[in-house]
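Visitor:
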Amino acid sequence: MLVTYRLECTHKDMAELAKITERMFCGKCSRYRKVKAIESREWYFKCNNCSYARYNGQSKSQAQTLLGAHRIRTGHHSDSIWYRVHPAKKEAIQRVFARKVRYVLTEDNKLYPDEYLTPAQSKQTIEEVHLPEKPPF
Ligand SMILES: [Zn+2]
Ligand SMILES: [Zn+2]
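Under my numbering, the first residue of the sequence shown carries the number 2, and numbering increases by one thereafter.
(1) What did DSSP end up calling V36 once you bin it into helix, strand or coil?
(2) Measure how close the beta-carbons of M25 and R32 come, nearest whole angstrom, since I'm counting them as under 8 Å.
(3) Roughly how many angstroms lie between the CA atoms of K90 and A16, to the nearest whole one?
(4) Can you give the Cα-Cα distance for S41 and G58, rounded to whole angstroms?
(5) Buried or exposed: where does R96 fall if 16 or more other Cβ atoms within 10 Å of its Cβ makes it buried?
(6) Thinking C-alpha only, which one of Q65, V86, K13 and T75 is nearest K37?
(7) Beta carbon of T75: closer than 7 Å to some heavy atom of ligand 2?
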């Protein structure tokens with residue numbers, strides 16, 4: 002899976018997660034730099050009326066489109082969408098880099114709940130949830 006990563010020089014680039022190593026070539030600096038963070042967040046949405054829930058990559062508008070389609074199909078009108086850590090990606094990053102590389106790309110590498118949350122709910126922790134393998138449609 003294609004992910005965005007940030008180097009020690011603060012420049013960002015994208016690569017397949019499996020191909021990222023501790024040092025990557027920075028095209029802007031023309032030299033190898035240490036990888037500091039890899040983005041593990043994705044747009045995530047869930048329906049509050051049924052178990053429909055899904056991670057949907059980096060496109061918020063695509064996530065909104067799918068959620069809208071679910072509303073029309075089912076008549077369900079209570080849902081949430083937010084940008085949150087994808088548990089499997091986080092795990093993959095930590096398996097390879099342990100604590101040397103952060104799994105979010107915010108400027109100070111910290112998670113701010115408010116940034117992950119769009120409409121609906123107020124404070125929300127970034128805890129993992131157990132999703133069904135195939136959400137019902
Ligand atoms: Zn650079
Ligand atoms: Zn639903």
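All C-beta atoms in this analysis are idealised placements derived from N, C-alpha and C, irrespective of residue type, glycine included. Remember, it's a predicted structure, so these values are computed and weren't measured experimentally.
Guide: Answer, in terms of the structure:
(1) Strand, per DSSP.
(2) That pair is no contact at about 10 Å.
(3) 14 Å
(4) 10 Å
(5) exposed
(6) K13
(7) Checking the 7 Å criterion, the Cβ of T75 is within range of a heavy atom belonging to ligand 2.
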